[in-house]
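Worksheet: one structure, shown below.
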DNA sequence: CCTAAAATATACCGATTGGTATTTTAAATA
DNA sequence: TATTTAAAATACCAATCGGTATATTTTAGG
């Protein structure tokens with residue numbers, strides 16, 4: 001049997017599971033500002049941008065975040081996780097390791113047309129801005145990149161173990177080369193606003209992956 | 001014979017060829033601020049940064065530049081030209097087309113250790129910051145990248161014509177892939193502060209270039 | 001429905017931003 | 001050497017920056 005105390009406890013718990021008011025606005029702020037931070041960068045995004053995008057006041061923002069830094073960090077995390085989710089979903093549909101690797105090439109194309117993220121790849125943007133200026137932010141991107149590298153390496157290793165790939169393949173090298181080609185392709189094709197540039201580079205990447213067999 | 005009028009004219013001309021005072025300080029400002037713009041970005045560099053780096057006052061800076069934009073544009077041009085000069089010099093020492101292509105791979109390594117530029121590759125930094133925010137700056141990077149692409153393509157075409165490379169090679173694709181790999185490698189290895197990452201990606205690039213034959 | 005607490009808005013703060021008008025200093029010409 | 005011109009420094013400007021203290025509103029619990 002459930003007594004009054006437990007009743008109340010459960011209610012509060014459920015209420016918080018469904019999200020408290022503050023948590024809702026916190027998430028709302030993150031969702032609304034994440035694309036702005038990704039396009040204008042950390043230094044280029046002002047508190048005015050944040051209040052404008054959310055329709056909230058400075059007081060409300062600072063009631064949920066200690067400072068601009070915290071908003072930026074949360075926004076980056078949101079962007080990075082959004083990408084990871086999309087990747088994992090698309091990857092689950094692929095059977096072969098080569099197929100899984102190519103998911104990145106296909107999915108990152110959405111970064112060019114702003115369907116996945118406004119402003120391009122958050123890893124590229126944040127890395128180039130923060131590497132020499134913002135240690136905390138840099139730390140997060142570093143974690144995301146190393147994670148990505150680990151993930152790719154693991155796929156290559158699996159492919160080698162299952163004899164899908166050649167034994168001589170260096171998993172770390174394949175992972176790093178893929179990351180470099182993808183990020184470099186994003187930079188070039190977003191700058192030139194030419195999707196065929198993306199396609200040509202990804203064609204090279206696909207050839208490289210085929211050569212792993 | 002030279003009359004007085006011509007005398008004075010020549011003197012003024014020579015004086016200006018040797019550089020007027022204003023041109024000297026203009027160049028001084030550009031040289032001193034170029035690395036700052038490259039590390040902190042356009043939005044992250046303030047006029048205070050500029051006066052601090054040069055030891056000059058705001059009045060002096062604005063006597064030589066109309067606004068912050070002009071300093072940033074001149075600084076970018078300076079950085080880009082500095083790179084182009086280094087490339088051309090190193091390339092002249094190479095005989096084969098493959099050798100000339102690999103000059104990029106070797107020379108850009110200096111971007112990691114800050115011996116060539118503080119803050120990494122100005123093309124990568126400026127492209128990722130300005131592509132959605134600063135049309136003028138974006139235009140300049142775009143020009144530099146397209147020029148680079150053209151330069152690389154021309155080398156590949158020459159290699160094909162001289163039978164050094166395979167006839168089936170797509171020059172534009174090779175050029176774009178090289179640019180992407182180099183810029184992506186800079187992003188990754190600067191972020192991770194791991195030069196072996198650079199070496200592994202460049203090893204992949206070298207393999208790709210060897211396969212052109 | 002009333003009260004306590006949480007969340008948001010208002011009003012303000014000093015510091016810094018990019019930029020300018022004016023004065024002072026340095027350089028060049030007559 | 002005196003005078004004109006160019007360059008640089010000083011002093012100032014409104015606007016915006018990130019941030020905070022306080023007042024008001026909204027939400028939840030008894």
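Residue numbers (the UniProt record's numbering), protein chains in the order written: chain A, 1 to 213; chain B, 1 to 213.
Beta carbons are placed, not taken as given, at the ideal position from N, Cα and C, and that holds for glycine.
Beta-carbon neighbours of residue 71/A, restricted to chain B and to distances below 9 Å: By Cβ distance, chain B contributes nothing, its closest Cβ being about 17 Å from residue 71/A, past 9 Å.
Assuming residue 108/A and residue 201/A are in contact, meaning their beta carbons sit under 8 Å apart, how far apart are those beta carbons, in whole angstroms? About 11 Å; that fails the 8 Å criterion.
How would you list, in chain order, the residues of chain B whose beta-carbon sits under 9 Å from the beta-carbon of residue 79/A? Residues of chain B passing the Cβ test: none, with the nearest at roughly 14 Å.
For residue 142/B and residue 69/B, the rounded distance between their alpha carbons: 17 Å
Short check: CB of residue 82/B to CB of residue 91/B, under 7 Å? no
Along the alpha helix (DSSP H) that carries residue 73/B, what are the first and last residues, could you check? 68-92
Run of the alpha helix (DSSP H) containing residue 169/B, from where it starts to where it stops: No alpha helix (DSSP H) holds residue 169/B; DSSP gives it neither H nor E.
State the CB to CB distance for the pair residue 25/A and residue 60/A, rounded to an integer number of angstroms; the pair is presumed to be in contact (CB under 8 Å). 7 Å
Does residue 194/B come out as helix, strand or coil in the three-state DSSP assignment? coil
Nearest candidate by alpha-carbon position, reference residue 88/A, set 78/A, 104/A, 64/A and 180/A: 104/A
When you compare each of 74/A, 191/A and 34/A to residue 132/B by their alpha carbons, which one comes out closest? 191/A
What does the alpha-carbon distance come out to for the pair residue 4/B and residue 20/B? Confidence at residue 4/B is low in this model, with a pLDDT of 40, below 50, so the placement of that residue should be treated as unreliable; the coordinate-derived value is given next. Cα to Cα, the separation comes out at about 22 Å.
Backbone secondary structure at residue 128/A - three-state DSSP: helix
Assigned secondary structure, residue 37/B (DSSP; H/G/I helix, E/B strand, else coil): helix
Can you look up residue 32/A in the DSSP assignment and give me helix, strand or coil? helix
Is it true that the stretch 151-159 of chain B meets the stretch 175-185 of chain B, where meeting means three or more beta-carbon pairs spaced less than 8 Å apart? yes
Look up residue 211/A in the DSSP assignment and say whether it is helix, strand or coil. coil
Candidates 120/B, 85/B and 182/B: which alpha carbon is nearest residue 37/B's? 120/B
Would you please verify whether the beta carbon of residue 7/B is less than 7 Å from any beta carbon of chain A? Here residue 7/B scores only 45 on pLDDT, less than 50, and its place in the model should not be relied on; the value that follows carries that caveat. Chain A, which has no Cβ nearer than 7 Å to the Cβ of residue 7/B, makes this no.
Beta carbon proximity, residue 209/B to chain A, threshold 7 Å: no
Taking 7 Å as the threshold (beta carbon to beta carbon), is residue 32/B in contact with chain A? no
Taking the beta carbon of residue 47/B as the centre, do at least 16 other beta carbons fall within 10 Å, making it buried, or is it exposed? exposed
C-alpha distance - residue 65/A paired with residue 129/A, whole-angstrom precision: 22 Å
Out of curiosity, what's the CA-to-CA distance linking residue 12/B and residue 93/B? Below a pLDDT of 50, predicted positions are generally treated as unreliable, and residue 12/B, at 45, falls in that range; the measurement from the model is reported next regardless. Cα-Cα distance, rounded: 39 Å.
Residue 188/B and residue 179/A - do their beta-carbons sit closer together than 7 Å? yes
Considering only their Cβ atoms, is the gap separating residue 158/A from residue 230/A smaller than 7 Å? The structure shown does not extend to residue 230/A, since chain A spans only 1 to 213, so no value can be given for it.
Contact check, residue 198/B vs residue 112/B, beta carbons under 7 Å: yes
Among residues of its own chain, excluding the 5 on either side of residue 8/A, which ones have a beta-carbon nearer than 8 Å to its beta-carbon? Low local confidence applies: a pLDDT of 42 at residue 8/A is under 50, so the model's placement there is unreliable, and no value is given.
Can you give me the C-alpha to C-alpha distance between residue 126/B and residue 49/A, rounded to a whole angstrom? 22 Å
Residue 63/A classed as buried or exposed, judged by whether at least 16 other C-beta atoms fall within 10 angstroms: exposed
Within this structure, are the beta carbons of residue 205/B and residue 165/B separated by less than 7 Å? no
Taking only beta-carbon atoms, is residue 11/B less than 7 Å away from chain A? With a pLDDT of 47 at residue 11/B, under the threshold of 50, the predicted position of this residue should be treated as unreliable, and no value is reported.
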